[in-house]
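In my numbering, the protein residues as written are 544 to 817.
We put the CB at the ideal spot given by N, CA and C, even for glycine.
Structure, rendered in structure tokens:
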């Protein structure tokens, strides 16, 4: 059984006239499950159908009053057994789905787009999502969380941001400033594992791209995450930020791709380390 491939991707305001470029990035990565944030316009059946055709996957939408929807897309062989949107206290949206694939592979996928402006509101959103960190379950929480993780280095470009923008990420306006990292810290305390950081302890893993699209956040930051319950994290094989010529043109965020072994439990001597 091949490894499960999961990708989370902020496609910038629904990809607008860039859907073909975004789709090329997706098809090259070949995920089984794709979590999309900023699925703007995907509540239009024609736009959703266009995305499904471009990705060659079937989609499920989590609508947001803000218009910044989230979505999950599945390759053939995977189906949704149950799903639901989460609204309160979300500024944008969150969507959960229990997924079942070939070979009796199953797990719960949750995609969320957290508040881009307020650390306190983001913390409330993460607190609500912590219910998915159920012991013994295989679950993934992923998306654009608009926050920094404990232990991540602060790139010099971040400190060059205008203070009115930098305020979105600040816990204490001291000298030096204290960045708010409570969101990921709380998720980890509740039982989630930061998959990328677990497998890449020394790489920065920046996901926010700053050289195109006139982005207000002209800084190198890691704000897109894939968090796994302990049972799921033990099955993680790899995690990477996809930085290619096409992904630079596709969005202001790079996608994050991770692979997992969801085959039957191993018996006998185990030599692989996870």
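query, result
"Alpha carbon of residue 767 to alpha carbon of residue 639, nearest angstrom", "17 Å"
"Backbone secondary structure at residue 786 - three-state DSSP", "coil"
"CB contact flag (residue 623, residue 642, <8 Å)", "yes"
"Coarse secondary structure for residue 569, derived from DSSP in three states", "helix"
"Inter-residue Cα distance where the pair is residue 686 and residue 615", "11 Å"
"Euclidean distance between Cα positions of residue 676 and residue 605", "20 Å"
"Opposing strand residues paired with residue 635 [DSSP bridges]", "BP columns for residue 635 are empty, so no partner."
"Presumed contact (8 Å Cβ cut-off) between residue 679 and residue 774, rounded CB distance", "6 Å"
"Alpha carbon of residue 587 to alpha carbon of residue 563, nearest angstrom", "18 Å"
"Status (buried if at least 16 other CB within 10 Å, exposed otherwise) for residue 708", "exposed"
"C-alpha gap between residue 636 and residue 630, whole angstroms", "6 Å"
"Beta-carbon contacts of residue 812 that lie in its chain and below 7 Å, excluding the five residues immediately before and after", "Confidence at residue 812 is low in this model, with a pLDDT of 45, below 50, so its placement is unreliable and no value can be given for it."
"Cβ-Cβ separation, residue 693 to residue 669 (assumed contact under 8 Å), whole Å", "Actually they do not touch by this definition, with Cβ atoms about 13 Å apart."
"Collapsed DSSP secondary structure at residue 650 in the structure displayed", "strand"
"Cα-Cα separation between residue 610 and residue 585, rounded to whole angstroms", "9 Å"
"Contact check, residue 752 vs residue 706, beta carbons under 8 Å", "no"
"Burial state of residue 646 (16 or more Cβ within 10 Å)", "exposed"
"Residue 600, buried or exposed, once every other Cβ within 10 Å from all chains shown has been counted against 16", "buried"
"Residue 655 - partner residues in DSSP beta bridges", "637, 686"
"Pairwise C-alpha distance: residue 649 and residue 782", "19 Å"
"Residue 818 to residue 765 span [Cα, whole Å]", "The chain is shown from 544 up to 817; residue 818 falls before or after that span and cannot be answered."
"C-alpha gap between residue 660 and residue 807, whole angstroms", "43 Å"
"Sequence-distant residues of its chain with Cβ nearer than 6 Å to residue 550 (five each side left out)", "572, 574, 577, 798, 800"
"Host beta strand (DSSP E) of residue 797 (start-end)", "Taken as a continuous stretch (DSSP letters only), residue 797 belongs to no beta strand (DSSP E), as it is neither H nor E."
"Contained alpha helix (DSSP H) runs [length at least 4] in the region 584 to 634, N- to C-terminal order", "588 to 598"
"Proximity below 8 Å, CB of residue 742 to CB of residue 546", "no"
"Classification of residue 589 by the beta-carbon crowding that lies within 10 angstroms, buried from 16 upward", "exposed"
"Residue 567 vs residue 731 beta-carbon contact at 8 Å", "no"
"Nonlocal neighbours in the same chain, by C-beta distance under 7 Å from residue 594, ignoring five residues either side", "562, 585, 602"
"Same chain, Cβ closer than 7 Å to residue 618, five either side skipped, listed in chain order", "575, 600"
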